[in-house]
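Counting in this note's numbering, the sequence shown tops out at residue 100, every number present.
Idealized CB from N, CA, C, for every residue including glycine.
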Amino acid sequence: HPERSEGSRRINVEAETKAPSTLDIRGEKVEEALDKLDKFLNDATTSGHTQVVVIHGHGSGKLREAIRKFLLKSKLTESQRPGEPHEGGNGVTIITLHSI
Numbered sequence: 001h002p003e004r005s006e007g008s009r010r011i012n013v014e015a016e017t018k019a020p021s022t023l024d025i026r027g028e029k030v031e032e033a034l035d036k037l038d039k040f041l042n043d044a045t046t047s048g049h050t051q052v053v054v055i056h057g058h059g060s061g062k063l064r065e066a067i068r069k070f071l072l073k074s075k076l077t078e079s080q081r082p083g084e085p086h087e088g089g090n091g092v093t094i095i096t097l098h099s100i
């Protein structure tokens, strides 16, 4: 049916254009990581995501601290928390976004 294929095509286009819900910035320098995080949050919010994950790794903790401090000031962030053990623990931050 033509309607069916158009419908699936439409869904595929939306799936391809939707921003990812996970950002992996392990090993990045803080300044570059925060730039990527800012763009990621904007893209995720406009794509309609309500929750996203940032993978920053464990390392020295500098990147994690900078990210969490940045998120406290971000107008796009409703809340944040470290990952549960099955989600990646303290090597990830789970972010709930404000809906627009």
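Identify every residue that forms a DSSP beta bridge with residue i.
i, result
"Arg81", "Ile94"
"Thr45", "None; Thr45 has no bridge partner."
"Val52", "Ile95"
"Leu23", "Val54"
Nearest CA to the CA of residue i: which residue from the options?
i, options, result
"Leu19", "Asp38, Glu32, Ser47, Ile25", "The displayed chain sequence assigns Ala, not Leu, to residue 19. When each option's Cα is compared against that of Ala19, the closest is Ser47."
"Glu31", "Ser21, Leu76, Ala66, Gly91", "Ala66"
"Gly59", "Thr96, Ile95, Ile25", "Ile25"
"Glu28", "Val54, Asp43, Ser21", "Val54"
Could you check how far apart the C-beta atoms of residue i and residue j are, in whole angstroms? I think they sit under 8 Å.
i, j, result
"Glu78", "His98", "5 Å"
Answer with buried or exposed for residue i, where buried requires no fewer than 16 other C-beta atoms within 10 angstroms of its C-beta.
i, result
"Arg64", "buried"
"Ala33", "buried"
"Thr93", "buried"
"Leu72", "exposed"
"His56", "buried"
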